[in-house]
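Student:
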Amino acid sequence: MSLVERALKKLQESSRERASVVPAAVNRPAPAPAGTPPPPPANRIVMPQHAPVSVDRNALRAAGLLPPEHQERQVADQFRQIKRPLIANATGRGAKKVANGHLIMTASALPNEGKTFTSINLALSLAMEKDITVLLVDADVAKRHLSKIFGVEKEAGLLDALKDDALDLESLVIPTDIPGLSLLPAGTRTDIATELLSSAHMETTVARLGASSPNRIVLLDSPPLLLTSESRALASVVGQVVVVVCAGRTPQQAVIDAVGHVPSDKILGFILNQCDVQASEGYYYGDGYYGESKD
Ligand SMILES: Nc1ncnc2c1ncn2[C@@H]1O[C@H](COP(=O)(O)OP(=O)(O)O)[C@@H](O)[C@H]1O
Ligand SMILES: [Mg+2]
Numbered sequence: 014m015s016l017v018e019r020a021l022k023k024l025q026e027s028s029r030e031r032a033s034v035v036p037a038a039v040n041r042p043a044p045a046p047a048g049t050p051p052p053p054p055a056n057r058i059v060m061p062q063h064a065p066v067s068v069d070r071n072a073l074r075a076a077g078l079l080p081p082e083h084q085e086r087q088v089a090d091q092f093r094q095i096k097r098p099l100i101a102n103a104t105g106r107g108a109k110k111v112a113n114g115h116l117i118m119t120a121s122a123l124p125n126e127g128k129t130f131t132s133i134n135l136a137l138s139l140a141m142e143k144d145i146t147v148l149l150v151d152a153d154v155a156k157r158h159l160s161k162i163f164g165v166e167k168e169a170g171l172l173d174a175l176k177d178d179a180l181d182l183e184s185l186v187i188p189t190d191i192p193g194l195s196l197l198p199a200g201t202r203t204d205i206a207t208e209l210l211s212s213a214h215m216e217t218t219v220a221r222l223g224a225s226s227p228n229r230i231v232l233l234d235s236p237p238l239l240l241t242s243e244s245r246a247l248a249s250v251v252g253q254v255v256v257v258v259c260a261g262r263t264p265q266q267a268v269i270d271a272v273g274h275v276p277s278d279k280i281l282g283f284i285l286n287q288c289d290v291q292a293s294e295g296y297y298y299g300d301g302y303y304g305e306s307k308d
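Have a look at this one:
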C-alpha cells in the first residue's frame, strides 16, 4: 500500500466529529543537506516598524478559523501532536535535522480543505514553545485569507519583497500581541503575482526569512496544489510540507496527484481534517479557476 493510500485509509477510519484533526506524519527518503541562504542585499530600504497586531481569538472563532470553545482543548491537543515531528525535523532535537526543515508549508489538493485553519492553529501551537518563534506567511496571495483575518490586507508583505529585493524583509514582518508569533502579509496586489511566487527570488526570500533568527520557524499558508503553479513552486523551497486532506471529501486521486507535485526530498506529513462539509464552492477536481472573485 502506498504512503498516500495508507493516509487515506486512516482518513476513512477517522472520527466523523467536526473539527477533528489527526496527524499522520510520513517520512520520505533523507533530503539533501541544507544550503546556506544568500546574504541580504546591501542596499536595503527600511520600512517603518508596524505596531503589533492584536490576535482576536473570538473573531477568529467567529470566522471558523479557531475551533468552537467546547472543542478548544481537544484541538489544541491534536495540534500539539502535529507540531512535535515538525519541530523535531526543524531543530534536529529527537530526529535527524532536515534541510530547510524550519521552512514549513501548509498545502492541500483543493480549496476549502482547512489549510488556513491548520496554519493558524499550528502557528499558535508552535508559538507556545519556549525556544521557538513562528513567522506565519500569507502565501495564498489570491485569497489572502490570513491577511484579511488579521486586518493586514493593505500592508506591504510577501509580494513587495519579491518585487523589490532592496526592501528590508524584516521591516515587513508584523509582530502580534502573542509572544513568538509574527506575520508576513500577502502584500500589494500585482498582476504578476504568479510569476513572482514562482521565481527563483522566492527561494532566496523564503530562505532569508528563515535565516533571520536560528529559532524561527516559517510557516507558509498556501493556495491549492492542484489549481495553482505557485503552490508547487513553494513546495520546492520548503523542507517540510503538511498536506491537509478533507476527511470524506477530497477525492483519493486528488491527494495522489497533489502529492505528486511535492518534490520527493521533502518531509511530507498528512493532516486528516474534518473540514467544513458545508463548503461546496470550488472544490471540484478540475475546476481550474483560483482567485479572489470566487471567495
Ligand atoms: N477542523 C476544522 N474545524 C472546523 N472548521 C473547519 C476546520 N477546517 C476547516 N474548517 C472550515 O472550513 C472552511 C475552509 O477552511 P480553510 O482553512 O479556509 O480552507 P483552505 O485554506 O484550505 O481553503 C472554513 O470555513 C473553516 O472555517
Ligand atoms: Mg486558505
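Using the working numbering, read the sequence shown as starting at 14 and increasing by one per residue.
Note that beta-carbon positions come from the ideal geometry of N, C-alpha and C, so glycine has one too.
Keep in mind it's a predicted model, so treat the numbers as computed, not measured.
Would DSSP call Leu116 helix, strand or coil?
Tutor: If you number the sequence shown from 1, residue 116 lands on position 103. Leu116 falls in the strand class under three-state DSSP.
Student: Is the Cβ-Cβ distance between Glu243 and Pro198 less than 8 Å?
Tutor: Numbered from its first residue, the sequence shown carries residue 243 at position 230. Numbered from its first residue, the sequence shown carries residue 198 at position 185. Not in contact: Glu243 and Pro198 (Cβ atoms no closer than 8 Å).
Student: For the segment 112 to 192, list the alpha helix (DSSP H) runs that are entirely contained and at least 4 residues long, ordered along the chain.
Tutor: DSSP runs (the alpha helix (DSSP H)) wholly in the segment 112 to 192: 128 to 140, 158 to 162 and 171 to 176.
Student: Could you give the residue range of the beta strand (DSSP E) that holds Arg262?
Tutor: The count along the sequence shown starts at 1 and reaches residue 262 at position 249. Arg262 -> no beta strand (DSSP E), and no H or E assigned at all.
Student: Starting from the C-beta of His63, find all residues in its chain whose C-beta is less than 6 Å away, skip the five residues before and the five after it, and write them out in chain order.
Tutor: In the sequence shown, the residue the question calls residue 63 occupies position 50. Cβ within range, chain order: Ile187.
Student: Going by DSSP in three states, Arg229 sits in which element: helix, strand or coil?
Tutor: Position 216 of the sequence shown, counted from the start, is the residue given in the question as residue 229. Of the three classes helix, strand and coil, the one that applies to Arg229 here is strand, per DSSP.
Student: Give me the Cα-Cα distance between Thr263 and Gln287, rounded to the nearest whole angstrom.
Tutor: Here residue 263 corresponds to residue number 250 of the sequence shown, with the count starting at 1. Here residue 287 corresponds to residue number 274 of the sequence shown, with the count starting at 1. Cα-Cα distance, rounded: 11 Å.
Student: Suppose contacts are defined by Cβ-Cβ distances below 8 Å. Is Ile230 in contact with Leu139 by that definition?
Tutor: Taking the sequence shown and counting its residues from 1, one reaches residue 230 at position 217. Taking the sequence shown and counting its residues from 1, one reaches residue 139 at position 126. Yes.
Student: Can you tell me whether Asp234 sits near ligand 2, meaning its C-beta is under 7 Å from at least one heavy atom of the ligand?
Tutor: Stepping through the sequence shown from its first residue, residue 234 is reached at position 221. Result yes, Cβ under 7 Å from ligand 2.
Student: Residues in its own chain within less than 8 Å of Pro42 by CB, not counting five upstream and five downstream?
Tutor: To locate residue 42, count along the sequence shown from 1; it is residue 29. Its pLDDT being 41, under 50, Pro42 is placed unreliably in this model, and the value from its coordinates should be taken loosely. Around Pro42: Ser277 and Asp278.
Student: Could you check where the beta strand (DSSP E) with Gly282 kicks off and where it finishes?
Tutor: Along the sequence shown, one-based indexing puts residue 282 at 269. Taken as a continuous stretch (DSSP letters only), the beta strand (DSSP E) holding Gly282 covers Ile280 to Asn286.
Student: I need the straight-line Cα distance from Tyr238 to Ser67, nearest angstrom please.
Tutor: The residue given as residue 238 occupies position 225 in the sequence shown. The residue given as residue 67 occupies position 54 in the sequence shown. What sits at residue 238 in the sequence shown is Leu, not Tyr. Distance between the alpha carbons of Leu238 and Ser67: 31 Å.
Student: Going by DSSP, what residues sit across from Gln253 in a beta bridge?
Tutor: One-based indexing of the sequence shown puts residue 253 at position 240. Ile117 and Ile280, per the DSSP bridge assignment.
Student: Name the residue from Asn228, Leu222 and Asn71 whose alpha carbon lies nearest to the alpha carbon of Met141.
Tutor: Here residue 141 corresponds to residue number 128 of the sequence shown, with the count starting at 1. For Met141, the nearest C-alpha among the options comes from Asn228.
Student: At a cut-off of 7 Å, is Asp270 close to ligand 2 when judged by its beta-carbon and the heavy atoms of the ligand?
Tutor: Here residue 270 is taken as the residue at index 257 of the sequence shown, counted from 1. No, since every heavy atom of ligand 2 falls outside the 7 Å radius drawn around the Cβ of Asp270.
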